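Structure first, commentary second.
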Amino acid sequence: MNGQAKDVLVEKLAEALADITGGEPPTVCSPEEPGGQHRPDAVLEASLDGQRYRLVVDFKQSVFPRDAREALWRHRNSLNQGGMAGHEAMPVLVAESISPGARDLLRKERVGYFDGDGNLFIAARGLYLRLDKPESRKQSRAVNNVFSGQRAQVLHAVWGRERDWFGVHEIAERAGVSPATASVTLAALERREWVEARGSGPSKERRLANPGALLDSWAAYQSSAKPKAVRHYYVRSAAYADLQRRLDDASERTGVRYELAGISAGQVHAPYLSGVSQVACRATGGKPLQAMLEEVGARPVREGWNLGVQELRADDQLRFRQRVGDLWVADPLQAYLDLLQSGGRAKEMAQHLRAEKLGA
DNA sequence: TGCCAATGAATCTAAGGTGG
DNA sequence: CCACCTTAGATTCATTGGCA
Numbered sequence: 001m002n003g004q005a006k007d008v009l010v011e012k013l014a015e016a017l018a019d020i021t022g023g024e025p026p027t028v029c030s031p032e033e034p035g036g037q038h039r040p041d042a043v044l045e046a047s048l049d050g051q052r053y054r055l056v057v058d059f060k061q062s063v064f065p066r067d068a069r070e071a072l073w074r075h076r077n078s079l080n081q082g083g084m085a086g087h088e089a090m091p092v093l094v095a096e097s098i099s100p101g102a103r104d105l106l107r108k109e110r111v112g113y114f115d116g117d118g119n120l121f122i123a124a125r126g127l128y129l130r131l132d133k134p135e136s137r138k139q140s141r142a143v144n145n146v147f148s149g150q151r152a153q154v155l156h157a158v159w160g161r162e163r164d165w166f167g168v169h170e171i172a173e174r175a176g177v178s179p180a181t182a183s184v185t186l187a188a189l190e191r192r193e194w195v196e197a198r199g200s201g202p203s204k205e206r207r208l209a210n211p212g213a214l215l216d217s218w219a220a221y222q223s224s225a226k227p228k229a230v231r232h233y234y235v236r237s238a239a240y241a242d243l244q245r246r247l248d249d250a251s252e253r254t255g256v257r258y259e260l261a262g263i264s265a266g267q268v269h270a271p272y273l274s275g276v277s278q279v280a281c282r283a284t285g286g287k288p289l290q291a292m293l294e295e296v297g298a299r300p301v302r303e304g305w306n307l308g309v310q311e312l313r314a315d316d317q318l319r320f321r322q323r324v325g326d327l328w329v330a331d332p333l334q335a336y337l338d339l340l341q342s343g344g345r346a347k348e349m350a351q352h353l354r355a356e357k358l359g360a
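Under UniProt numbering, think of the first position of the first sequence as 1, with each following residue one higher.
Next up, the structure:
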């Protein structure tokens with residue numbers, strides 16, 4: 001099936017080239033590369049104005065910036081080894097779909113591409129082709145950020161299933177999201193090859209396939225995202241452990257749902273720092289939260305705080321919290337993401353936590 | 001600076017398919 | 001047929017830019 005799609009696209013590329021240059025359609029050669037360690041998926045020989053061009057095609061199903069970078073890296077490597085010297089071979093990435101970001105990246109590095117929508121780019125000495133097609137309706141509806149809002153909840157639920165197979169319905173349930181949202185999000189994860197699928201129609205199942213890549217991308221997104229607002233308080237004469245206890249007691253009495261976050265959560269799952277004195281948490285807001293803060297004797301301050309609170313509008317985000325000992329704690333995944341946004345030694349701590357608890 | 005309109009993204013409901 | 005997945009259209013939500 002992959003082979004089918006590839007051949008069709010390579011054929012379309014050849015036609016497109018002939019169309020633009022008004023010349024002969026290029027000949028498609030079989031990709032026998034003597035001694036080449038990386039075998040291309042196809043090779044096109046084109047000639048126009050007496051110049052001969054040789055297009056070395058790499059095929060992929062879909063290309064996002066991450067894939068593009070990988071392709072660029074491979075391409076540079078093969079240049080460095082000087083194997084192709086004299087041939088003037090031009091790399092062309094051919095894929096069913098190539099995201100706009102990936103296309104920018106490839107153009108910047110003057111690596112050619114061609115996708116199923118007809119977007120085309122070829123650059124070489126004496127030759128510059130660029131074709132931009134309007135977005136197809138399908139593409140304009142495509143999911144481009146899976147790391148925020150309800151979709152992040154879906155991701156979180158997927159993570160929780162580890163390597164087990166699951167259905168859309170189940171994930172929607174666990175994430176607290178409509179089946180539609182779960183479905184489109186999972187489709188997006190599948191395109192990125194972070195999850196794999198088996199079966200089709202109602203019997204379709206998926207599972208996490210590449211936790212490392214998923215976590216890398218999530219981390220990159222999280223690091224660049226704007227941290228949520230945190231209110232700072234001071235609680236008099238409260239040592240770290242004691243403050244946590246009092247917080248939990250007060251939450252019990254006032255009915256506020258909360259979880260330890262950031263460094264506090266990290267310390268619970270994979271102790272790393274000594275002498276932590278500031279408690280970080282997130283909690284559902286409103287009147288009950290005010291009551292709870294009053295009960296522990298928290299006083300808003302600018303400097304010298306020992307309690308940081310991120311106020312939540314709804315408690316969707318507390319869906320994955322864990323009871324550890326006698327405290328509610330963000331799960332390791334959430335703690336990891338929190339740490340990426342915290343200052344100081346939090347980044348190191350994030351690495352430690354990932355190695356200890358996330359295994360990817 | 002702050003408000004409001006317009007635009008676009010995110011999510012849901014409901015309808016359309018499909019395998020067992 | 002039933003139970004589930006997917007897709008289309010409607011709705012809500014957030015962000016951006018214009019203007020006072």
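Beta carbons: idealized from backbone N, C-alpha and C, even for Gly. Just so it is clear, the structure is predicted and the values come from calculations on it, not from any experiment.
- Put simply, the backbone Cα of His-352 is about 7 Å away from that of Tyr-272.
- Comparing alpha-carbon positions, the option among Thr-284, Asp-326, Trp-328, Gln-278 lying closest to Gly-304 turns out to be Gln-278.
- In the DSSP assignment, Asp-58 forms a beta bridge with Leu-93.
- The shortest CA-to-CA distance from Arg-257 to any of Gln-317, Ser-264, Tyr-240, His-269 is the one to Gln-317.
- The beta carbon of Ala-213 sits closer than 7 Å to the beta carbons of Trp-194 from its chain, once the five residues preceding and following it are set aside; these are given in chain order.
- Counting C-beta pairs with one atom in each stretch, the segment 110-120 and the segment 145-158 have fewer than three that are closer than 8 Å, which means they do not touch.
- In the three-state reduction of the DSSP assignment, Ala-265 falls in the helix class, which pools H, G and I.
- Distance from the CA of Lys-12 to the CA of Ser-183, rounded to the nearest whole angstrom, comes to 31 Å.
- In this structure Arg-313 is in contact with Gly-285, their Cβ atoms being roughly 7 Å apart against a cut-off of 8 Å.
- When rounded, the separation of the alpha-carbon atoms in Gly-343 and Val-92 is 42 Å.
- In this structure, the CA atom of His-232 is about 14 Å from the CA atom of Leu-243.
- Trp-165 is positioned such that its CB atom lies no closer than 8 Å to that of Glu-190.
- Minimum Cα-Cα distance from Gln-222 among the listed residues His-269, Glu-196, Ser-148, Asp-248 corresponds to Ser-148.
- By the CB criterion at 8 Å, Ser-99 and Pro-65 fall inside the cutoff.
- Short of 6 Å from the beta carbon of Ile-122, and not among the five residues preceding or following it, lie these beta carbons of its own chain, in chain order: Gly-112, Leu-129.
- For Glu-295, the enclosing alpha helix (DSSP H) stretches over residues 287-296.
- Annotated as distal: Ser-178 and Ala-187, with beta-carbon spacing of 8 Å or more.
- Runs of the beta strand (DSSP E) spanning 3 or more residues and lying entirely within the segment 270-349 occur at 279-284, 298-300, 307-312, 322-324, 327-329, in chain order.
- Sequence-distant partners of Val-301 (beyond 5 residues in either direction) whose C-beta falls short of 8 Å from its own C-beta, in its chain, are His-232, Tyr-233, Tyr-234.
- For His-75, the CB contacts under 7 Å within the same chain, skipping 5 residues up- and downstream, are Pro-91, Val-111 in chain order.
- Where Leu-243 is concerned, the enclosing alpha helix (DSSP H) starts and stops at 240-254.
- Within the DSSP bridge table, the entry for Leu-131 names Leu-120 as partners.
- Cβ neighbours of Trp-218 within its own chain (closer than 8 Å, five residues either side excluded): Phe-147, Leu-155, Leu-337.
- Beta-bridge partners assigned by DSSP to Ala-46: Tyr-53.
- Residue pairing by DSSP puts Glu-196 in a beta bridge opposite Arg-207.
- Scanning Gly-118, Ala-355, Ala-350, Asp-315 for the CA closest to the CA of Ala-220 turns up Ala-350.
- A Cβ-Cβ contact shorter than 8 Å links Pro-332 with His-269.
- One Cα belongs to Ala-18, the other to Ala-46, and the distance between them is close to 9 Å.
- For the options Ala-238, Asp-67, Asp-7, Ser-274, the alpha carbon positioned closest to that of Arg-192 is the one of Asp-67.
- If you ignore the 5 residues before and after Asp-326, its C-beta comes within less than 8 Å of the C-beta of Arg-245, Asp-248, all in its own chain and listed in chain order.
- Excluding sequence positions up to five before and after Cys-29, its CB lies within less than 8 Å of the CB of Ala-42, Val-43, Leu-44, Glu-45, all in the same chain and listed in chain order.
- Nearest neighbour of Arg-321 by Cα position, chosen from Gln-150, Ala-261, Gly-199, Arg-163, turns out to be Ala-261.
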